[in-house]
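Presented below is the structure to which this report refers.
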Amino acid sequence: MKRKQTAKKVTPLKTRFRRHFKLAFVPHKANQYRPHATRRYGLAVVLVLVVGLQVGYNVGTTGSILGQDENISSVDLLNDTNARRAEEQLQPLQVSEELNQAAFLKAQDMLQKQYWAHTAPDGTQPWKWLGDVGYNYSHAGENLAKNFRSADAVTTAWMNSPEHRANVLSNNYDQVGFAVVDGTMNDKPISLVVAMYASRATPAVAGVVADFTPAQTQPVGFVSQLGLAVKSLTPAALGSVILLIIVTGVALAAHAYRNKLPKVFRKSWRLHHGAYKAAGLTSLMMVIVALYSGGQI
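Letter by letter, the sequence shown follows residues 0 to 296 of numbering that gives the first Met the number 0.
Here it is in structure tokens:
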């Protein structure tokens, strides 16, 4: 006698996806109010993805696992500067090779004498470098920056400082020169950016120090530093932060349902597992952001 075979019911792919998604990210009875994304294996997968994204991006773009190369160029600095000037209906600045050379000489002097300031320890003033390249000016100014990872972050930092902003947007300047130089200072790697803004003097006043405005160096405030760090994030780092924010939200949702956990969990540290994991994930996010901060103007 033949047994009657019952055809297995095939669950639609969309339904299966919803079920697995809910198990992974939504605290409910089927997963004991412990979403799979916040369990040990789920967190392990998240950590592998975060590390993998960083390593893959860094190797692919810089050839280094640590990805130490900064993405700052004089062309980008010029474009960002003129974009900010255009927002204020100001004329764009033109690149001067003499100002480029003056900015480079200033950066080299800071590295050789190991200082971070507009005035050198021996009293050398910024306008010396303009004289060395034979640039006679009626107005000139200087902005400095160090340890930023993108031109946009540099320009944003300058725009957030009244003195630096005044140089970027001054109507007195029609030319600019930039230098981006890497080296060491106090036995630590450093990336320096020097901007020299100026307008040429007429022959009648050539050689006269009419007006030179160095913006005072200053640390970037915490809130500004955080904003600049976000601007400096690589696509891989940004993707990692977004992933960590999502999983942190899942952990906080799990914490909100802690009183529905199985009794055995409610009698141990696992009662607050969601809060602990959210704190850990947030700390990891802050570490990633901190890796892209540290710039100073």
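Idealized CB from N, CA, C, for every residue including glycine.
Fair warning: this is a prediction, and the values are worked out from it, not measured in the lab.
What does the Cβ neighbour count give for His163, buried or exposed, with the cut at 16 atoms within 10 Å?
By 1-based counting over the sequence shown, the position of residue 163 is 164. His163 should be labelled buried.
Excluding five sequence neighbours on each side, which residues of the same chain lie with their C-beta closer than 8 Å to the C-beta of Asp108?
Taking the sequence shown and counting its residues from 1, the one referred to as residue 108 is at position 109. Answer for Asp108: Ala119, Thr123, Trp128, listed in chain order.
Determine the direct distance from the alpha carbon of Ala36 to that of Ala29, and round the result to whole angstroms.
Here residue 29 corresponds to residue number 30 of the sequence shown, with the count starting at 1. Here residue 36 corresponds to residue number 37 of the sequence shown, with the count starting at 1. So the two alpha carbons sit approximately 14 Å from each other.
On the three-state DSSP scale, how would you describe Ile244?
As a working note, residue 244 is residue 245 in the sequence shown. The answer is helix: DSSP assigns Ile244 an H, G or I state.
Assess contact between the region 153-160 and the region 98-118, defined as three or more Cβ pairs (one per stretch) separated by less than 8 Å. Is contact present?
The region 153-160 is not in contact with the region 98-118.
Quick check on DSSP: helix, strand or coil for Gly59?
In the sequence shown, counting from the first residue as 1, residue 59 sits at position 60. Note: Gly59 maps to helix in three-state DSSP.
Taking the runs of the beta strand (DSSP E) that are 3 residues or longer, which of them lie wholly in the region 65-99?
Those beta strand (DSSP E) runs which fall completely within the region 65-99 and span 3+ residues do not exist here.
Ala101 and Val132 look like a contact to me (Cβ under 8 Å); what is the Cβ gap, rounded to whole Å?
The residue labelled residue 101 in the question sits at position 102 within the sequence shown. The residue labelled residue 132 in the question sits at position 133 within the sequence shown. The pair is a contact, with the Cβ atoms about 5 Å apart (cut-off 8 Å).
Taking the alpha carbon of Gly176 as the reference point, which residue from Thr80, Trp268, Gln295, Phe264 has its own alpha carbon closest?
Walking along the sequence shown from the start, residue 176 turns up at place 177. When only C-alpha atoms are compared, the closest one is Thr80.
Suppose the cutoff is 8 Å on Cβ atoms and the five residues either side in sequence are ignored; what does the same chain contact list for Lys112 look like?
On the sequence shown, position 113 is the one that residue 112 refers to. Here the set comprises Ala119, Pro120, Asp121.
Rounded to whole angstroms, what is the Cα-Cα separation between Val263 and Arg33?
Taking the sequence shown and counting its residues from 1, the one referred to as residue 263 is at position 264. Taking the sequence shown and counting its residues from 1, the one referred to as residue 33 is at position 34. Using only the alpha carbons, I get a separation of about 13 Å.
In terms of alpha-carbon separation, which member of Leu242, Ser282, Val249 lies closest to Leu52?
Reading the sequence shown from its first residue, position 53 is the one you call residue 52. It is Leu242 whose Cα lies nearest to the Cα of Leu52.
Can you tell me whether Pro188 is helix, strand or coil according to DSSP?
Position 189 of the sequence shown, counted from the start, is the residue given in the question as residue 188. Pro188 falls in the strand class under three-state DSSP.
Ignore the nearest five residues each way along the sequence and tell me which others in Gly206's own chain have a CB closer than 6 Å to its CB.
Residue 206 sits at position 207 when you count from the first residue of the sequence shown. Note that Gly206 scores a pLDDT of 38, beneath 50, so its modelled location is shaky and nothing firm can be said.
What are the start and end residues of the alpha helix (DSSP H) that includes Gly140?
For this step, residue 140 is matched to residue 141 along the sequence shown. Careful: Gly140 lies outside any alpha helix (DSSP H), inside the beta strand (DSSP E) at 136-145.
DSSP state of Gln53, grouped into three classes?
In the sequence shown, counting from the first residue as 1, residue 53 sits at position 54. Reduced to three states, the DSSP call for Gln53 is helix.
Rank Val167, Ile189, Asn170 by C-alpha distance to the C-alpha of Val179 and give the top, closest one.
Locating residue 179 in the sequence shown gives position 180, counting from the first residue. For the residues Val167, Ile189, Asn170, the minimum Cα distance to Val179 belongs to Ile189.
Going straight from the alpha carbon of Gly55 to that of Leu48, what length do you get?
Numbered from its first residue, the sequence shown carries residue 55 at position 56. Numbered from its first residue, the sequence shown carries residue 48 at position 49. Rounded to the nearest angstrom, the two C-alpha atoms are 10 Å apart.
Beta-carbon within less than 6 Å of Glu97's beta-carbon, same chain only, minus the 5 sequence neighbours each way: which residues are those?
As a first step, residue 97 must be located in the sequence shown, where it is residue number 98. The residues are Val132, Tyr134.
Mark Gln174 as exposed unless 16 or more other C-beta atoms lie within 10 angstroms of its C-beta, in which case mark it buried.
Here residue 174 refers to the residue found at position 175 when the sequence shown is read from its first residue. When all chains shown are included, Gln174 counts as buried.
Using DSSP's beta-bridge definition, name the partner residues of Asp181.
Looking up residue 181 in the sequence shown gives position 182. Answer is Ser190, bridged to Asp181.
How far does the alpha helix (DSSP H) with Ala23 in it reach, from first residue to last?
On the sequence shown, position 24 is the one that residue 23 refers to. 12-24 is the extent of the alpha helix (DSSP H) around Ala23.
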